[in-house]
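The opening residue of the sequence shown carries number -6 in our numbering; numbering runs sequentially from there. Step one of this worksheet: look at the structure below.
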Amino acid sequence: MDVVTIGESMAVFTPTSVGLMRQATTFTMRIGGAESNVAVGLARLGHRVGWISKVGSDEFGKAILSFLKGEGVDVSRVKMDGEAPTGIYFKEQRRPNDTRVYYYRKGSAASRLTPADLDEKYIAEAKYLHITGITPALSENCRETIFAAMAIARRHGVKIVFDPNLRLKLWNEADRAKEVMLRMAAESDVVLPGEAEASFLFGKHSVEEWGSRLLDMGASLVVIKLGANGAHYFTNAHHEYVPGFPVERVIDPVGAGDGFAAGLLSGLLEGLRLTEAVQRANAVGALVTMVEGDADGMPERDDVERLINQRREDVTR
-6 MDVVTIGESM AVFTPTSVGL MRQATTFTMR IGGAESNVAV GLARLGHRVG WISKVGSDEF
54 GKAILSFLKG EGVDVSRVKM DGEAPTGIYF KEQRRPNDTR VYYYRKGSAA SRLTPADLDE
114 KYIAEAKYLH ITGITPALSE NCRETIFAAM AIARRHGVKI VFDPNLRLKL WNEADRAKEV
174 MLRMAAESDV VLPGEAEASF LFGKHSVEEW GSRLLDMGAS LVVIKLGANG AHYFTNAHHE
234 YVPGFPVERV IDPVGAGDGF AAGLLSGLLE GLRLTEAVQR ANAVGALVTM VEGDADGMPE
294 RDDVERLINQ RREDVTR
């Protein structure tokens, strides 16, 4: 695999109407989860990507595997658990710019991941291991699993890419979340925080200060996501701001950060200059926001190139 990622994917239910979810009567179901979103994004860009997880031996688990297989993601290291359900979550769109998420994932199959579920050879043969701060929040054994995967990657020279993806609803204590994420950042090669996550980890400072601190901890590349404004990347030799792509109408912001990670990894895999890799990441993140669904808006390569080149045909004939 070019990239191996580990985490939970869920069935996502979204009301077909905007407003309070208590008033909704019909819902659409899609598949979502930060790590599997990244996997889909990479697969659509033409890369070989594998996803490690557990799903319930239920219809939702089967739907997740079917969807990811159909997108070209390798799910050969996913296990089905007959004793725990697949997680689900609801996405409430109260207003066009107000999306709220409610998780029902406690005790899910993925929360029962253990280091024994890891295939060392599978991780060792990848170019990158992609992890987020979500999986270690699911349970103590998930935390152990992520650090075990990171140890495997380090033993075999596999670069570790860490996206904090802070979800305070999943942590019992904010201090514990901060402690675990700082340890993960210190053991990673590439760190991808958003502004809010960098502020959570280090307090309110300048983007330059956040980048410097993460480099001092051991990362070789830090990319701080600035949302619609683009991103700022830092190495020990250079730092640069890369502007984003304006989006006239945001349909669904969920998954944009995962698209950014997929775009950046794609650029790194292809040996692009860092400015170009971050530009690709910005483009993928912007395109994701234009489509409803967590992974549904992950673009194909031609879509990304059209946006970067600013070819704005409304209809392709």
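By construction, the Cβ of each residue, glycine as well, lies at the ideal position given by its N, Cα and C atoms.
Comparing C-alpha positions only, which one of His231, Gly100, Pro89 sits nearest to Gly80?
Gly100
With distance defined between alpha-carbon atoms, name the residue in Arg169, Ala109, Leu159 nearest to Ile145.
Ala109
Runs of beta strand (DSSP E) wholly within the segment 111 to 151 (minimum 3 residues, chain order)
121 to 125
Can you tell me whether DSSP reads Thr268 as helix, strand or coil?
helix
Ala276 to Ile301, Cα distance in whole Å?
7 Å
For Val308, I'd like the list of residues in its chain whose CB is within less than 8 Å of its CB, leaving aside the five on either flank, ordered along the chain.
Only weak support exists for where Val308 lies, its pLDDT of 39 falling under 50; the coordinates are left without a value.
How would you call Gln16, buried or exposed, if buried means at least 16 neighbouring beta carbons within 10 angstroms?
exposed
Report the three-state DSSP secondary structure of Gly53 (helix, strand or coil).
First, the amino acid is wrong: residue 53 is Phe here, not Gly. Looking at Phe53 - three-state DSSP - the assignment turns out to be helix.
Cβ pair count under 8 Å reaching 3, the segment 266 to 285 against the segment 210 to 226:
yes
Cut-off 8 Å between Cβ atoms - residues of its own chain near Met143, not counting five sequence neighbours on either side:
Leu122, Ile124, Ile153, Met177, Glu180, Ser181
Are the segment 82 to 100 and the segment 64 to 73 touching by the rule of at least three beta carbon pairs closer than 8 Å?
no
Could you check the C-alpha separation between Arg305 and Pro236 for me, to the nearest Å?
Unreliable placement is indicated for Arg305, whose pLDDT of 47 sits below 50; no coordinate value is reported for it.
Whose CA, out of Ala212, Leu161, Ala27, lies closest to the CA of Val281?
Ala27
Is there contact between the segment 46 to 58 and the segment 114 to 121, where contact requires at least three CB pairs shorter than 8 Å?
no
Using a Cβ-based criterion (distance less than 6 Å to any ligand heavy atom), does Asn302 qualify as near the ligand FAD?
Looking for the ligand FAD in the displayed structure turns up nothing, as the structure carries no ligands at all.
Please name the residue in Glu241, His149, Leu257 whose C-alpha comes closest to that of Val184.
Leu257
Inter-residue Cα distance where the pair is Asp287 and Ala230
35 Å
What's the gap between the Cα of Arg41 and the Cα of Gly25?
19 Å
Run of the beta strand (DSSP E) containing Met3, from where it starts to where it stops:
3 to 8
Skipping 5 residues on each side, what residues in its chain have a beta carbon closer than 6 Å to that of Gln303?
none
Under 7 Å between the Cβ atoms of Met73 and Gly43?
no
What are the boundary residues of the alpha helix (DSSP H) that includes Arg206?
200 to 209
Are Gly39 and Gly252 closer than 7 Å when you measure CB to CB?
no
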